[in-house]
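Asker: In my numbering, the protein residues as written are -2 to 233.
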């Protein structure tokens, strides 16, 4: 009889670095594609497009990094505050905390006797008790909090790389067809991000690519015609 083995290794679904990188790259790519096609629709000169593209890259990357830093730092501060409250509760009222932990184990399927024994065992070490309470009650691992600096760095780099993709052709050529090279680069980048997301989540690659390219394409076409309309009133 053939035996079946299952891979029980799971991806880290809480990794702030991966999340920041993927969505940062997507935001950078889409925002700069929209900026570029909008300016091209308004008949802006290549120099204006290049300057605006670089400005958009830097502004967006800095904004993403700052937002990610503030968000992760605030989350960590909240967790730290809750951990301190839990630490005081364990020190001041260990009996009640033991009962709470035992009740959690009962809800997980243990018998009352097993749960009580396990809770008393855990509570013998205050630091272990704090970690277990954090996992069970707060749903966090106090030893694996996300780094706000790392998350910010991932966001900055990812946004910048994504925003650079549709901008590169404008530094390589000044021909009138450069807009199509930029669009092609944007489509390729959107397809790559869509495929990466699909592979990471176990979904259909073709569907992921079509969805990402489709959303970016609809947005780009809309902004292009907005740029055409603005070009009738504003000289760039």
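Glycine included, C-beta positions come from ideal geometry on N, C-alpha and C.
Look at the Cβ atom of residue 35, then the Cβ atom of residue 221, and state whether they are nearer than 8 angstroms.
Answerer: Against a cut-off of 8 angstroms, the Cβ pair of residue 221 and residue 35 comes out as a contact.
Asker: Does the Cβ-Cβ distance between residue 191 and residue 162 come in under 8 angstroms?
Answerer: Contact flag unset, no.
Asker: Under 6 angstroms Cβ to Cβ from residue 176, same chain only, skipping five residues before and after it: list those, please.
Answerer: Only 37 meet the Cβ criterion.
Asker: Is the distance from the Cβ of residue 87 to the Cβ of residue 94 below 8 angstroms?
Answerer: Closer than 8 angstroms, so yes.
Asker: How many Å lie between residue 51 and residue 199 at the Cα?
Answerer: Roughly 35 angstroms separates the two Cα atoms.
Asker: Does the stretch 141 to 159 come into contact with the stretch 15 to 33, if we say contact requires no fewer than three beta-carbon pairs (one atom in each stretch) closer than 8 angstroms?
Answerer: Cβ pair count under 8 angstroms is three or more, so yes.
Asker: Beta-carbon within less than 8 angstroms of residue 107's beta-carbon, same chain only, minus the 5 sequence neighbours each way: which residues are those?
Answerer: Closer than 8 angstroms at the Cβ level, and outside the excluded window around residue 107, lie 115.
Asker: Thinking just about the alpha-carbon of each residue, which of 135, 187 and 167 is nearest to the one in residue 178?
Answerer: Minimum Cα distance to residue 178 is reached at 167.
Asker: To the nearest angstrom, how far is the alpha carbon of residue 92 from that of residue 66?
Answerer: If you take the alpha carbons of residue 92 and residue 66, they lie about 39 angstroms apart.
Asker: Buried or exposed: residue 217, going by 16 or more other Cβ atoms within 10 Å of its Cβ?
Answerer: Residue 217 is buried by the Cβ-count criterion.
Asker: Among 123, 25 and 49, which residue has its Cα nearest to the Cα of residue 234?
Answerer: Here the chain has residues from -2 to 233 only, and residue 234 is not among them.
Asker: At 4 residues or longer, and completely inside the stretch 155 to 198: list those alpha helix (DSSP H) runs for me, N to C.
Answerer: Runs of the alpha helix (DSSP H) inside the stretch 155 to 198: 165 to 169 and 175 to 198.
Asker: With distances taken Cα to Cα, identify the nearest neighbour of residue 215 among 184, 189, 230 and 202.
Answerer: Comparing Cα-Cα distances from residue 215 to each of 184, 189, 230 and 202, the minimum goes to 184.
Asker: Residue 123: buried (16+ other C-beta within 10 angstroms of its C-beta) or exposed?
Answerer: With fewer than 16 other Cβ atoms within 10 Å, it is exposed.
Asker: With distance defined between alpha-carbon atoms, name the residue in 82, 105, 96 and 147 nearest to residue 69.
Answerer: Minimum Cα distance to residue 69 is reached at 147.
Asker: Which two residues bound the contiguous alpha helix (DSSP H) that contains residue 73?
Answerer: Element bounds for residue 73: 43 to 89.
Asker: Here's a check: name, in chain order, each residue in its chain whose Cβ is nearer than 7 angstroms to the Cβ of residue 60, leaving out the five neighbours to either side.
Answerer: Taken in chain order, the list of residues that qualify is empty.
Asker: State the start and end residues of the unbroken alpha helix (DSSP H) segment that holds residue 204.
Answerer: From DSSP, the alpha helix (DSSP H) with residue 204 extends over 202 to 228.
Asker: What is the C-beta distance between residue 228 and residue 28, in whole angstroms, given that I count them as a contact (C-beta under 8 angstroms)?
Answerer: Rounded, the Cβ-Cβ distance is 20 angstroms, inconsistent with contact.
Asker: My output table needs one value for residue 141: the three-state DSSP class, helix, strand or coil.
Answerer: Here residue 141 sits in coil by DSSP.
Asker: So, for residue 117: in the same chain, excluding its five sequence neighbours on each side, which residues have a beta-carbon less than 7 angstroms away from its beta-carbon?
Answerer: Correct list, in chain order: 95.
Asker: Cutting at 7 angstroms between CB atoms, please list the residues of its own chain near residue 145, excluding the five before and the five after it.
Answerer: For residue 145, where only same-chain residues beyond five positions count, the Cβ hits under 7 angstroms are 66, 69, 70 and 73.
Asker: Measuring alpha carbon to alpha carbon, tell me which residue in 31, 42, 25 and 113 is nearest residue 174.
Answerer: Of 31, 42, 25 and 113, the residue nearest in Cα terms is 42.
Asker: Taking Cβ positions, are residue 159 and residue 25 nearer each other than 8 angstroms?
Answerer: A contact, by the Cβ cut-off of 8 angstroms.
Asker: With residue 131 and residue 83 assumed to form a contact (beta carbons below 8 angstroms), what rounded beta-carbon distance in angstroms separates them?
Answerer: Yes, residue 131 and residue 83 are in contact; Cβ-Cβ is about 7 angstroms, under 8 angstroms.
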